[in-house]
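What follows is a set of notes on a single structure, which appears directly below.
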Amino acid sequence: TAWMLTSTALVLFMTIPGLSLFYCGLVRSKNVLSVLMQCFALTSMMTLIWILWGYSLAFDQTGMEAGVVNLHSFVGGFDKALLHGVGIDSLTGTVPETVFVT
Numbered sequence: 116t117a118w119m120l121t122s123t124a125l126v127l128f129m130t131i132p133g134l135s136l137f138y139c140g141l142v143r144s145k146n147v148l149s150v151l152m153q154c155f156a157l158t159s160m161m162t163l164i165w166i167l168w169g170y171s172l173a174f175d176q177t178g179m180e181a182g183v184v185n186l187h188s189f190v191g192g193f194d195k196a197l198l199h200g201v202g203i204d205s206l207t208g209t210v211p212e213t214v215f216v217t
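In my numbering, the protein residues as written are 116 to 217.
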């Protein structure tokens with residue numbers, strides 16, 4: 116669990132500045148600050164969207180049945196939207212479900 120959180124933080128700290136600097140290299144110097152702010156604002160918005168709705172679409176198992184292929188086999192539902200019902204209890208035996216939210 117600690118390693119999952121550590122590696123998530125390391126990827127986040129590599130990706131945000133890396134993408135920001137890449138996009139800043141594509142614009143004139145007068146627009147660098149604007150591009151930096153856009154990258155950080157989009158990162159913040161995408162984090163909130165993931166927490167509110169994306170996690171539910173990725174990890175909700177409502178409607179999934181063994182041997183049946185339907186939409187719920189690929190995309191979850193909205194039963195866990197706004198993190199409703201997500202708690203300390205484990206998704207697997209060793210990793211708590213809340214680790215995947217971050």
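All C-beta atoms, glycine included, are put in the ideal place defined by N, C-alpha and C.
| Check | Outcome |
| --- | --- |
| Local conformation of M152 per DSSP, three classes | helix |
| contact_flag[the region 167-176, the region 143-155] where n(CB pairs < 8 Å) is 3 or more | no |
| Host alpha helix (DSSP H) of L134 (start-end) | 117-139 |
| CA-to-CA distance, G191 to I131, given in whole angstroms | 28 Å |
| A196 and W168 closer than 7 Å at C-beta | yes |
| Straight-line gap, K145 to Y170 (C-alpha atoms, nearest Å) | 37 Å |
| Nearest residue (CA-CA) to S159, options D194, L120, L127 | L127 |
| S122 burial status per 10 Å Cβ neighbour count (16 or more: buried) | exposed |
| Three-way DSSP call (helix, strand, coil) for N109 in this model | This structure leaves residue 109 out entirely; the chain is present only between 116 and 217. |
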